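To start, the structure under review is shown below, and the notes come after it.
There are 2 protein chains.
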Amino acid sequence: MLYIYTLCVNKYNMLDRNTRLTIIKNFITEKKIASQEQLLLLLKERNVHVTQATLSRDLKSLKVGKVSDGNRGYYYTLPDQKMNKETTEHFLEDITRGYISLAFAGNLAVMHTLPGHANTVAFALDRLDLDEITGTIAGDDTILIILSDGVERKDIVNCLEQMIPDLELPK
Amino acid sequence: MLYIYTLCVNKYNMLDRNTRLTIIKNFITEKKIASQEQLLLLLKERNVHVTQATLSRDLKSLKVGKVSDGNRGYYYTLPDQKMNKETTEHFLEDITRGYISLAFAGNLAVMHTLPGHANTVAFALDRLDLDEITGTIAGDDTILIILSDGVERKDIVNCLEQMIPDLELPK
DNA sequence: ACACAAAGCGTATAAATATACAACATGAGG
DNA sequence: CCTCATGTTGTATATTTATACGCTTTGTGT
């Protein structure tokens, strides 16, 4: 992951707010951050100097939550973006966000997703209305994709690859 | 929803801790609770008298998180019970606890479980990361298991038998 | 250029949450 | 019965997070 941010500063040496929010989002996605103080230090390492008060406001505006790590700790999380926008672009984003892997068995395809994302991804696949896909069934993190008659593995891989070049698809 | 709790109190008039935790879980499930103070009042209405300190400890032990409501507010949430312990031993226990039977159809396997256990068992099967299994889809008491290419029925039976000798598997 | 409104920030402080500590309760072993 | 180890709680306090207030910046209309 590469962080890109402008170095534009005003006379008060403040980084642009949106840039800071982006950096914060990246930190929260990548690391398990337990407190604003910890985040403050991480930002300081990146030469982003703000106070705890600003951070508190930033987190609220990002709608960041705090959840258990399963043991004794807590860490910040970004909210699930289950937006209701109904555009192809949005569906592709949903797929990209949840996708982990794709495999085949017989005439079925099995897509693994992040936990809880299967529904969102399957919904997106349905709404894309692809000829190659007859239907999908979603569990929690697995989607069964029923391929249309005569559709080969490479067809569906090509189809997905064309729409979302970033996906790590099977050969 | 009916709340059931014992009225057993000791000489310090304290309700049983587990009972209180159950009541708290119910509240958190049903309502959007934004602070410990609010929860304190709700409990008081049910004649459960504790201090904020105890509540803080209760929430931590329940691994309760706090997430955005999408607007300006935050509310408590219980963690997904799926992501708890992540050890092979634990997964095998989950399978043993829920397993009822296994059957085959084509290149698919169908596992029956105790009602409500399918998700837990399927999650465990997934996380064991077996070569023989391409994916699973869980309903309430049934799991569809998609076998990997070239895997025979006896392969999957052997595999499960080796890991969990106690299971009653098909001959 | 000027006035005004809106947004962003830091300081100081308030509000919310966590915890150190000591008291009491409970259960196991002697 | 006693003693020790463990667990639960309240009080008081520490830590963490949110916000009121005043200042600076930026944009907009005149």
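In order, the protein sequences belong to chains A and B.
Quick note: to get the working numbering, add 1011 to the position in the first sequence (first position is 1).
Quick note: to get the working numbering, add 1011 to the position in the second sequence (first position is 1).
We put the CB at the ideal spot given by N, CA and C, even for glycine.
Keep in mind that this is a model prediction, so the values were computed, not measured.
Residue i burial status per 10 Å Cβ neighbour count (16 or more: buried)
| i | result |
| --- | --- |
| residue 1052 of chain B | exposed |
| residue 1182 of chain A | exposed |
| residue 1101 of chain B | exposed |
| residue 1069 of chain B | buried |
| residue 1118 of chain B | buried |
| residue 1152 of chain A | buried |
| residue 1112 of chain A | exposed |
| residue 1040 of chain A | exposed |
| residue 1067 of chain B | exposed |
| residue 1149 of chain A | buried |
| residue 1154 of chain B | buried |
| residue 1201 of chain A | Since the first and last residues shown for chain A are 1012 and 1182, residue 1201 of chain A lies out of range. |
| residue 1058 of chain A | exposed |
| residue 1097 of chain A | In this predicted model, residue 1097 of chain A has a pLDDT of only 47, less than 50, meaning its place in the structure is not dependable; the value taken from the coordinates is given anyway. Per the 10 Å Cβ criterion, exposed. |
| residue 1064 of chain B | exposed |
| residue 1031 of chain B | buried |
| residue 1177 of chain B | exposed |
| residue 1029 of chain B | exposed |
Proximity winner among the options, relative to residue i (alpha-carbon distances)
| i | options | result |
| --- | --- | --- |
| residue 1089 of chain B | B:1152, B:1153 and B:1036 | B:1036 |
| residue 1123 of chain B | B:1139, B:1147, B:1072 and B:1086 | B:1147 |
| residue 1174 of chain B | B:1107, B:1121 and B:1161 | B:1107 |
| residue 1120 of chain B | B:1167, B:1142 and B:1082 | B:1167 |
| residue 1060 of chain B | B:1180, B:1034, B:1076 and B:1079 | B:1034 |
| residue 1099 of chain B | B:1134, B:1084, B:1075 and B:1077 | B:1134 |
| residue 1084 of chain A | B:1081, B:1115, B:1073 and B:1084 | B:1073 |
| residue 1145 of chain A | A:1155, A:1159 and A:1044 | A:1159 |
| residue 1125 of chain B | B:1105, B:1042 and B:1137 | B:1105 |
| residue 1077 of chain B | A:1172, A:1044 and A:1086 | A:1086 |
| residue 1109 of chain B | B:1161, B:1157 and B:1132 | B:1132 |
| residue 1115 of chain B | B:1139, B:1048, B:1157 and B:1129 | B:1157 |
| residue 1062 of chain A | A:1047, A:1075 and A:1030 | A:1047 |
| residue 1042 of chain A | A:1071, A:1080 and A:1170 | A:1080 |
| residue 1139 of chain A | A:1128, A:1163 and A:1171 | A:1171 |
| residue 1143 of chain B | B:1055, B:1169 and B:1162 | B:1162 |
For residue i, the residue or residues it bridges with in DSSP
| i | result |
| --- | --- |
| residue 1121 of chain A | A:1114 and A:1155 |
| residue 1146 of chain B | B:1157 |
| residue 1078 of chain A | A:1086 |
Delimiting residues of the alpha helix (DSSP H) encompassing residue i
| i | result |
| --- | --- |
| residue 1044 of chain A | Looking at the DSSP string, residue 1044 of chain A is not in any alpha helix (DSSP H), and its letter there is neither H nor E. |
| residue 1061 of chain A | Unbroken run through residue 1061 of chain A: none, as it is neither H nor E. |
| residue 1165 of chain A | 1164-1174 |
| residue 1139 of chain A | 1129-1139 |
| residue 1105 of chain B | 1099-1109 |
Residues that residue i contacts on chain A, provided the C-beta gap is smaller than 9 Å
| i | result |
| --- | --- |
| residue 1109 of chain B | Simply none; closest approach about 15 Å. |
Chain-ordered neighbours of residue i on chain B, where CB pairs are closer than 9 Å
| i | result |
| --- | --- |
| residue 1090 of chain A | 1078, 1079 and 1081 |
| residue 1153 of chain A | 1133, 1137, 1146, 1147, 1148, 1149 and 1157 |
| residue 1060 of chain A | Those within 9 Å of residue 1060 of chain A in chain B number zero; the least Cβ separation is about 26 Å. |
| residue 1123 of chain A | 1137 and 1146 |
| residue 1045 of chain A | Chain B residues near residue 1045 of chain A: none, gap ~13 Å exceeds 9 Å. |
| residue 1182 of chain A | Within chain B, no residue comes near residue 1182 of chain A; the closest Cβ sits about 14 Å away, beyond 9 Å. |
| residue 1042 of chain A | Within 9 Å Cβ-Cβ: nothing; residue 1042 of chain A doesn't reach chain B, min ~17 Å. |
Residue i: contacting residues in chain B (beta-carbon distance under 7 Å)
| i | result |
| --- | --- |
| residue 1066 of chain A | Within 7 Å Cβ-Cβ: nothing; residue 1066 of chain A doesn't reach chain B, min ~16 Å. |
Neighbouring residues, chain B, relative to residue i (Cβ below 8 Å)
| i | result |
| --- | --- |
| residue 1119 of chain A | 1157 |
| residue 1165 of chain A | Near residue 1165 of chain A there are no residues of chain B at all, since even the closest Cβ is about 15 Å away, more than 8 Å. |
Contact list for residue i against chain A, beta-carbon separation under 7 Å
| i | result |
| --- | --- |
| residue 1055 of chain B | Going along chain A, no residue has its Cβ under 7 Å from residue 1055 of chain B, so there is no contact; the nearest lies around 26 Å. |
| residue 1160 of chain B | 1116 |
Contacts that residue i makes with chain A (C-beta to C-beta distance below 8 Å)
| i | result |
| --- | --- |
| residue 1036 of chain B | In chain order: nothing, as chain A lies at least about 14 Å away. |
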